[in-house]
Structure formats: C-alpha cells, structure tokens
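Number of protein chains: 2
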Amino acid sequence: MKRHYDSEETRRIIAEKAAQLFSQKGFAGTSISDISKASGFSKGHVYYHFENKEKLFVYLALDGMRAWGEKWAGVSPNYKTARDKLYAMSTFVMNNYQTPLLKVGQELAANPATSPETVQQLYGLAVTPMQAYSDIFQYGIDTGEFEIDDLQGTTFLFGTLLGALCQHIYTMEHGQLHGLFRKSVDLFLSGILKR
Amino acid sequence: MKRHYDSEETRRIIAEKAAQLFSQKGFAGTSISDISKASGFSKGHVYYHFENKEKLFVYLALDGMRAWGEKWAGVSPNYKTARDKLYAMSTFVMNNYQTPLLKVGQELAANPATSPETVQQLYGLAVTPMQAYSDIFQYGIDTGEFEIDDLQGTTFLFGTLLGALCQHIYTMEHGQLHGLFRKSVDLFLSGILKR
DNA sequence: ATGACTTTAGAACGATCGTTCTGTAAATAA
DNA sequence: TTATTTACAGAACGATCGTTCTAAAGTCAT
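Same order as they appear, the protein sequences are chains X and Y. Position 158, counted from 1, in the first sequence is what the working numbering calls 158; the numbers after and before it change by one each time, with no gaps. Position 16, counted from 1, in the second sequence is what the working numbering calls 211; the numbers after and before it change by one each time, with no gaps.
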C-alpha cells in the first residue's frame, strides 16, 4: 500500500523542532506558536499530528529515549573494558543528548496541573539511561576493574553529573564541554586524594 | 526614626514565596498570579514592591546568592581540613539551596526575550559559589591534602554535581538526598578504581 | 480633625496561551 | 469524472499571562 501523501515527514519535522525547542526553553517556555513557526507549519496543523502539548512532549521524550537506548546498545559492545565503556558513554551522552528532555520531564512532572498518567510515564523515563550506566558499573565490578560498595548511588550520581553537563550544550563551546565530560569520568575513576 | 508601616515585611513575604515558586516551577512556569496567591497579597500589590517579573527574579537571585556567600563565609572557618570543608559545603548547599535559582537563571538567560542587562547580571550569579568551591580545592592543594591538575575544571564539575542534586530537594526524601550529597564528596575524593 | 502620603485590593488592558473550528486544495478511490 | 478522504492554513475561542490603572483604606504629621 503506497502512500503519496508525505504526512509522516511533516510529523517528523514538527517533532524534531519541538524537541529542540523544549530542550532549549523548557516546557512552559515553549509555545505551540513557537513550534509552529520553527517547523514552518500552521499552529492548527500541529494539532493534526499531536493531540495536545503534553502528549506531544511525552511522545518526544519516550521516543527519544527509546532511540537513545537502542543506539547505545548498538555501539556498547565495541568497548571492552568498563573504563572504556564509561568514557564512551560520556561522549555518547554528550552527542546524543536526550538528557535535556529528562530535565524538562522533571519540570512537567513537578507541575500539579500535569495529568497523573503523564507523570507516571515521565518517571519511567530515567530508567533507560540509569540501567545503561548501572550495567557499565556492574560490568566493571565483574571484571575486577572497579570497587563499588553502593552501586545504585554511584549510578545515580554519574547520571546526575552527565545530565547536568548536558545543560551546557547550547551555550558552551563543544571542545571545552567534551573536556568536561572526559574529566568527570576521570574524577569518578580516580578522585583527587593524594596517594 | 521608627516606622509603623510594615511594608518591608510584606515585601519579604512576597520575595520568599516567589523564590520558592521559581525554584519549584521555573521562571516561565511561575505566574505573578501564583505569587500573589501564595503570598496572600493582591497581584497589583506585587507590582508595588517589584517593577516587573524579570526584575523580581533578578533581585531574588542576587540577594539570595549574596546571603548564601555571607553565611558560608561565616561557618567556613569552623572546618579545618579541606576534606572537612568539602563535606561541610555539600551539606551547606543542600540546606541553603540557592542553586535551583541558578538553574532558573539559566532558563531566563537562555530566553531571547530577556533583556541583555538581566542576562549579564545572571551570568555573574555563579561566581559566588564557584569561588567558594575553588577556595576549598585550593586550600586542599596548599595543605597537601589534594592533588589537582585542573583546578577550574574540578571546581566546575563539583559545582555542577551539587547543583544538580539540589534539583531533587522537593521530590526526594531528606535523609536519602543527604546521603547522596555525602557520597558525591566521597567519589570526588577517592574515585572507584581498585588500588 | 485635617490633609498628605503610604500601602493595599481589585478591576481592567492588550497580548499570548493552548485548543478547536472551519474551510480548502490536493490526493485517492469509485 | 465524481466522491471521499487526507493534509494542511488560518480564523476564532475562552483562559490566562504580565502589566497598568483606579481608588479606597491605613498611617502619620500638623
């Protein structure tokens, strides 16, 4: 069944621009009008493809995170040591920033006006990256590279730091930011205590 | 010269509630109406004390950060080693969270509609805490406790992590969050590599 | 008590918000 | 070709936004 309409493409463009705007300006700070202008389609047409603003964001976040997880699963086997995986992850997070959407998800979830089912879905968002981080740390324990007493806490802090660094993607020079991503892994690995 | 008017008090109440709301819901997500309801004063009255929403936020951020800096300067001498200072700082940041306002400041500064002078002022916000962190690390180097090749980067990452942890103040249980603050210092100090 | 000034509430404004409705040109099916 | 469905634009809606205006009540000096 061939389609000559190219509605899917339009939907993709709207989704892409919306994700960008949400990442930069937050949920409340991004209007449908903004999305309309950035995508080049009318405001009314955004509603042809997406039920409302909240559902649009949830779709973006869920789909983005799913794609993120799949992409990481694809490249992860290329790195053999836990140490390498950790450095690779830091670069991966920087170049495939779904994490701003995580923060925006927190913003939405914190708003009392947000529907409970949406909040529920948003809380599940962080599971994908956290699981990926946790897997690396566990792998490092198994290979004897790492010594970690509190896996969950370590995972959480690592994710928190990487996520926070992503906030600077739109404002900081790429090379400098990349250095900071590397350095956070360095710090996690070795600390600063004199030995 | 005694004053029987107590306008200063209402101004303080409005400022306090506004800071709380901005921290929780962000700049765009907080309306003057919200602030009016939370403080118990009319919407118009908010404008009697503050010129507009933007100026209100800038005042809150600047004043809050100034108070934060003074308070830390007051307690800092109680801790003798750099290590102790670092742990003390993590607790201090958690209990005197001005850092959510830092994030909201980023949100405001990222918005093209924000006036340039406001953006300028907001960029200066992070200087106070960063200087405080940097002082601790430098102190640790001087006492021989720490070995740090990139002071600025280390400072930035430490501030980033603490700031990000503050985001969970309204959603996470206090004791658990406190554990994470402690643990981030642990990690910065020692890392996870097996020795 | 009177008049000046400060502090407050509340109505009102235009702009913009998220959303819905209406109309229409293009694509497909008959 | 005609009828139906799909893909869009754009006007319009009520609600809420940040902000301003009006006016009354409270406080103070005289």
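By construction, the Cβ of each residue, glycine as well, lies at the ideal position given by its N, Cα and C atoms.
> Is it true that the CB of residue 289 (chain Y) sits closer than 8 Å to the CB of residue 425 (chain Y)?
Replying inline: Residue numbering for chain Y in the displayed model covers 196 to 390; residue 425 (chain Y) lies beyond these limits and cannot be assessed.
> From residue 191 (chain Y) to residue 237 (chain Y), what does the alpha carbon distance come to, in whole angstroms?
Replying inline: Since the first residue shown for chain Y is 196 and the last is 390, residue 191 (chain Y) is missing from the structure and cannot be characterised.
>> Quick check: the Cα distance between residue 224 (chain Y) and residue 300 (chain Y), rounded to an integer number of angstroms?
In response: Counted from its first residue, the second sequence places residue 224 (chain Y) at position 29. Counted from its first residue, the second sequence places residue 300 (chain Y) at position 105. Cα to Cα, the separation comes out at about 13 Å.
> Any residues in the stretch 215 to 240 of chain Y with a beta carbon nearer than 8 Å to a beta carbon of chain X? Which ones, in chain order?
Replying inline: Hits within the stretch, in order: 219, 220, 221, 222, 223, 224.
> Given a limit of 9 Å on CB to CB distance, which residues of the stretch 327 to 350 of chain Y reach chain X?
Replying inline: Of all residues in the stretch 327 to 350 of chain Y, the ones placed with a Cβ closer than 9 Å to any Cβ belonging to chain X are 332, 335, 339, 340, 341, 342, 343, 345, 348, 349, in chain order.
> Which parts of the stretch 73 to 160 of chain X are runs of the alpha helix (DSSP H), unbroken and 4 residues or longer, counting only runs that do not cross its ends?
Replying inline: Within the stretch 73 to 160 of chain X, the complete alpha helix (DSSP H) runs of at least 4 residues are 82 to 95, 99 to 110, 116 to 123, 127 to 143.
> For the candidate residues Y:386, Y:340, Y:284, whose alpha-carbon lies nearest to that of residue 148 (chain X)?
Replying inline: Counting from 1 along the first sequence, the entry for residue 148 (chain X) is found at position 148. Closest in C-alpha terms to residue 148 (chain X), from the list Y:386, Y:340, Y:284, comes Y:386.
>> I need the DSSP call for residue 370 (chain Y), collapsed to helix, strand or coil.
In response: Locating residue 370 (chain Y) in the second sequence gives position 175, where the first residue counts as 1. Residue state for residue 370 (chain Y) is assigned as helix, using DSSP reduced to three classes.
>> Helix, strand or coil, according to DSSP, for residue 31 (chain X) in the structure here?
In response: The residue given as residue 31 (chain X) occupies position 31 in the first sequence. In this structure, DSSP gives residue 31 (chain X) a state outside helix and strand, which the three-state scheme calls coil.
> Just how far apart, CA to CA, sit residue 233 (chain Y) and residue 213 (chain Y)?
Replying inline: Stepping through the second sequence from its first residue, residue 233 (chain Y) is reached at position 38. Stepping through the second sequence from its first residue, residue 213 (chain Y) is reached at position 18. Those two C-alpha atoms are separated by around 8 Å.
> residue 331 (chain Y) and residue 277 (chain Y) look like a contact to me (Cβ under 8 Å); what is the Cβ gap, rounded to whole Å?
Replying inline: Locating residue 331 (chain Y) in the second sequence gives position 136, counting from the first residue. Locating residue 277 (chain Y) in the second sequence gives position 82, counting from the first residue. For a cut-off of 8 Å, the C-beta gap from residue 331 (chain Y) to residue 277 (chain Y) is around 6 Å, short enough to register as a contact.
> Once you ignore the five residues that flank residue 208 (chain Y) on each side, which residues in its own chain have a CB closer than 7 Å to its CB?
Replying inline: Start at 1 with the first residue of the second sequence, and residue 208 (chain Y) comes out as number 13. Its chain contains 234 as the residues whose beta carbon lies nearer than 7 Å to that of residue 208 (chain Y), once the 5 sequence neighbours on both sides are disregarded; these appear in chain order.
> In chain X, which residues lie with their C-beta within 8 Å of the C-beta of residue 378 (chain Y)?
Replying inline: On the second sequence, residue 378 (chain Y) is found 183 positions in, with the first residue counted as 1. The contacting residues are 150, 153, 154, 157.
> Is there at least one Cβ from chain Y nearer than 8 Å to residue 57 (chain X)'s Cβ?
Replying inline: As a first step, residue 57 (chain X) must be located in the first sequence, where it is residue number 57. When Cβ-Cβ separations below 8 Å define contact, residue 57 (chain X) makes no contact with chain Y.
>> Please report the distance separating the alpha-carbon of residue 372 (chain Y) from that of residue 337 (chain Y).
In response: Along the second sequence, one-based indexing puts residue 372 (chain Y) at 177. Along the second sequence, one-based indexing puts residue 337 (chain Y) at 142. A direct Cα-Cα distance of roughly 31 Å separates residue 372 (chain Y) from residue 337 (chain Y).
>> Please state whether the Cβ-Cβ distance between residue 161 (chain X) and residue 134 (chain X) is less than 8 Å.
In response: Sequence index remark: in the first sequence, residue 161 (chain X) carries index 161 (1-based). Sequence index remark: in the first sequence, residue 134 (chain X) carries index 134 (1-based). Taking 8 Å as the Cβ cut-off, residue 161 (chain X) and residue 134 (chain X) do not qualify as a contacting pair.
> Do you know offhand how far residue 216 (chain Y)'s Cα is from residue 339 (chain Y)'s?
Replying inline: Walking along the second sequence from the start, residue 216 (chain Y) turns up at place 21. Walking along the second sequence from the start, residue 339 (chain Y) turns up at place 144. When rounded, the distance between both Cα atoms is 43 Å.
> Quick one: what's got a C-beta closer than 6 Å to residue 309 (chain Y)'s C-beta in the same chain, skipping five residues either side?
Replying inline: Working through the second sequence from its first residue, we reach residue 309 (chain Y) at position 114. Counting only residues of its own chain and dropping the five nearest sequence neighbours on each side, residue 309 (chain Y) has a CB closer than 6 Å to the CB of 303.
> Roughly how far, in whole angstroms, is the beta-carbon of residue 188 (chain X) from the beta-carbon of residue 158 (chain X), given that I think they are within contact range, below 8 Å?
Replying inline: As a position in the first sequence, residue 188 (chain X) is number 188, starting the count at 1. As a position in the first sequence, residue 158 (chain X) is number 158, starting the count at 1. With a Cβ gap of about 6 Å, residue 188 (chain X) and residue 158 (chain X) count as contacting.
> What is the rounded straight-line gap between the Cα of residue 175 (chain X) and the Cα of residue 99 (chain X)?
Replying inline: Translated into positions along the first sequence, residue 175 (chain X) becomes position 175. Translated into positions along the first sequence, residue 99 (chain X) becomes position 99. Between residue 175 (chain X) and residue 99 (chain X), the C-alpha separation is close to 19 Å.
> At a Cβ threshold of 8 Å, is residue 359 (chain Y) touching chain X?
Replying inline: Sequence index remark: in the second sequence, residue 359 (chain Y) carries index 164 (1-based). Residue-level contact by beta carbon holds for residue 359 (chain Y) and chain X, with a gap shorter than 8 Å.
>> Out of X:67, X:31, X:63, X:70, which one is the CA nearest neighbour of residue 52 (chain X)?
In response: As a first step, residue 52 (chain X) is located in the first sequence; it is residue number 52 there, counting from the start. If we check each option's Cα against that of residue 52 (chain X), X:31 comes out closest.
> When you compare only the Cα positions, how much space is there between residue 54 (chain X) and residue 35 (chain X)?
Replying inline: The sequence position of residue 54 (chain X) within the first sequence is 54, counting from 1. The sequence position of residue 35 (chain X) within the first sequence is 35, counting from 1. The straight-line gap from Cα to Cα measures roughly 13 Å.
>> Quick check on DSSP: helix, strand or coil for residue 42 (chain X)?
In response: Position 42 of the first sequence, counted from the start, is the residue given in the question as residue 42 (chain X). Coil.
> Which chain X residues sit within Cβ distance under 7 Å of residue 355 (chain Y)?
Replying inline: Position 160 of the second sequence, counted from the start, is the residue given in the question as residue 355 (chain Y). Result: 161, 164, 165.
> Distance, Cα to Cα, residue 381 (chain Y) vs residue 285 (chain Y)?
Replying inline: Stepping through the second sequence from its first residue, residue 381 (chain Y) is reached at position 186. Stepping through the second sequence from its first residue, residue 285 (chain Y) is reached at position 90. Taking the straight line from one Cα to the other gives about 11 Å.
> Just by C-beta distance, which residues in the stretch 283 to 302 of chain Y are closer than 9 Å to chain X?
Replying inline: Within the stretch 283 to 302 of chain Y, the residues whose Cβ lies closer than 9 Å to some Cβ of chain X are 298, 301, 302, listed in chain order.
> Between the C-alpha atoms of residue 349 (chain Y) and residue 239 (chain Y), what's the straight-line distance to the nearest angstrom?
Replying inline: Taking the first residue of the second sequence as position 1, residue 349 (chain Y) is located at position 154. Taking the first residue of the second sequence as position 1, residue 239 (chain Y) is located at position 44. A direct Cα-to-Cα measurement between residue 349 (chain Y) and residue 239 (chain Y) gives close to 46 Å.
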